[in-house]
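To keep things clear, I will list the structure first and then write my remarks on it.
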Amino acid sequence: MAKTSKVIYKPDPQSTDEYTVIVNSEEFKKWKEGGVSIPLADVVDSFQVFFSGQGAQGLLNKPSKQQLDTVFGTNKDVDVVTIMLEKGREQGSDGVAASTFTGSNVSRGNTSTGGPR
Numbered sequence: 001m002a003k004t005s006k007v008i009y010k011p012d013p014q015s016t017d018e019y020t021v022i023v024n025s026e027e028f029k030k031w032k033e034g035g036v037s038i039p040l041a042d043v044v045d046s047f048q049v050f051f052s053g054q055g056a057q058g059l060l061n062k063p064s065k066q067q068l069d070t071v072f073g074t075n076k077d078v079d080v081v082t083i084m085l086e087k088g089r090e091q092g093s094d095g096v097a098a099s100t101f102t103g104s105n106v107s108r109g110n111t112s113t114g115g116p117r
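Residue numbering for the sequence shown follows UniProt numbering, starting at 1 and increasing by one per position.
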């Protein structure tokens, strides 16, 4: 499985508004170094853009088309993602580790992560 990270775009350095897209770290680095022939579908995990009005600590929501139009001048996902990749900064992520989840409801007394036996 490819390692993923986030690309965060802040339209204004003084604002807490942040737009985030999930990328494949390796492919993003190649794309950023001039490999623009790499298809965007290989660079991004999905064309889903997330928005937080509270900075890194806030909840991630889906921005409205009007928000995208105002900030990026378009609401087309491909164009928005391209702008974010060009102007945003990458923030590393370890992804979701399998050990983060337990096999069943811990409150029921079973803390094994192996699932049913």
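All residues carry an ideal CB built from backbone N, CA and C; glycine is no exception. Computed from a prediction, not measured in an experiment: that's the story for all the values here.
Worksheet item: Taking the continuous alpha helix (DSSP H) assigned at GLU86, which residues delimit it?
Response: The residue labelled residue 86 in the question sits at position 86 within the sequence shown. Start and end: 77 to 87.
Practice prompt. Can you say whether ASP12 is buried or exposed, counting buried as having 16 or more other CB atoms within 10 angstroms of its CB?
Written response: In the sequence shown, residue 12 corresponds to position 12, counting from 1. By the C-beta density criterion, ASP12 is exposed, having fewer than 16 other C-beta atoms within 10 angstroms.
Discussion item. Tell me the residue span of the beta strand (DSSP E) that contains SER15.
Written reply: Position 15 of the sequence shown, counted from the first residue, corresponds to residue 15. Element bounds for SER15: n/a, residue is neither H nor E.
Fill in: Sub-8 Å separation of VAL49 and GLU27 beta-carbons
Taking the sequence shown and counting its residues from 1, one reaches residue 49 at position 49. Taking the sequence shown and counting its residues from 1, one reaches residue 27 at position 27. No; because the gap between Cβ atoms is not below 8 Å, this pair is not in contact.
Practice prompt. Out of VAL78, VAL36, THR4, ILE8, state which residue places its alpha-carbon closest to the alpha-carbon of GLN57.
Written response: The count along the sequence shown starts at 1 and reaches residue 57 at position 57. For GLN57, the nearest C-alpha among the options comes from ILE8.
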